[in-house]
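Read left to right, the sequence shown gives residues 1 to 132 (full-length UniProt numbering). Beta carbons: idealized from backbone N, C-alpha and C, even for Gly. Here the structure is laid out as structure tokens; the discussion comes afterwards.
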Amino acid sequence: MLDIQKLMDLAEFQFHGRHKFSGGKVISRVLTVESIEEVTEVLRRPPVIWDNLHANDYDQKRVFLGPYQGRSPDLIPKLRGVVTNPNCEFWANFIAIHTLAQWSHCNGDGDREKSERLLKSGKNAKKKFFCF
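Written out as structure tokens, the structure is:
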């Protein structure tokens, strides 16, 4: 659930930096177009997503090895950018960052089928790129 009052207070600040948004939770499994539109309306500008989907700096016993997911390519034109907070372990970030890069190129040419194929190919990235 979004804290609208907190966003409205943040929108009043005038500074040179960018507003960063991580979703309704610190680690949001899903970011919806509707939530981004709501944040954009309150902040009066598109947000930069600070994505903690891959983060494990709060619990290094947890390692995220899956693809970038839960973010529709329809979000891309509604954002100023995306920053990922990766796993602390360098080797564990290949799939996450590779599929984030694939996602960032989705829907750029309007070919939705191509975008979906790129995202689905990331689901097999562990099989393709990791040999352990």
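Requested in this report: Would you mind reading off the limits of the alpha helix (DSSP H) that contains Trp103?
Outcome: 94-105
Requested in this report: Count the other CB atoms, across all protein chains shown, that sit within 10 Å of the CB of His54; report buried if there are 16 or more and exposed otherwise.
Outcome: Looking at its Cβ environment, which holds 16 or more other Cβ atoms inside 10 Å, His54 is buried.
Query raised in the report: How many Å lie between Ser22 and Ser28 at the Cα?
Result: Note that Ser22 has pLDDT 48, beneath the 50 cutoff, so the model's placement of it is unreliable and no number is given.
Requested in this report: Counting only the same chain and skipping the five closest in sequence on each side, list residues whose C-beta sits under 6 Å from that of Asn93.
Outcome: Pro86, Asn87
Query raised in the report: Are Asn56 and Val63 close, meaning C-beta to C-beta below 7 Å?
Result: yes
Requested in this report: Identify every run of the beta strand (DSSP E) within the segment 29-55, keeping only runs that are complete inside it and at least 3 residues long; order them along the chain.
Outcome: 48-51
Query raised in the report: Taking the C-alpha atoms as reference points, what is the distance between Arg80 and Trp91?
Result: 28 Å
Query raised in the report: Are the beta-carbon atoms belonging to Pro73 and Cys106 less than 7 Å from one another?
Result: yes
Query raised in the report: With 16 other CB atoms within 10 Å as the buried threshold, where does Val82 fall?
Result: buried
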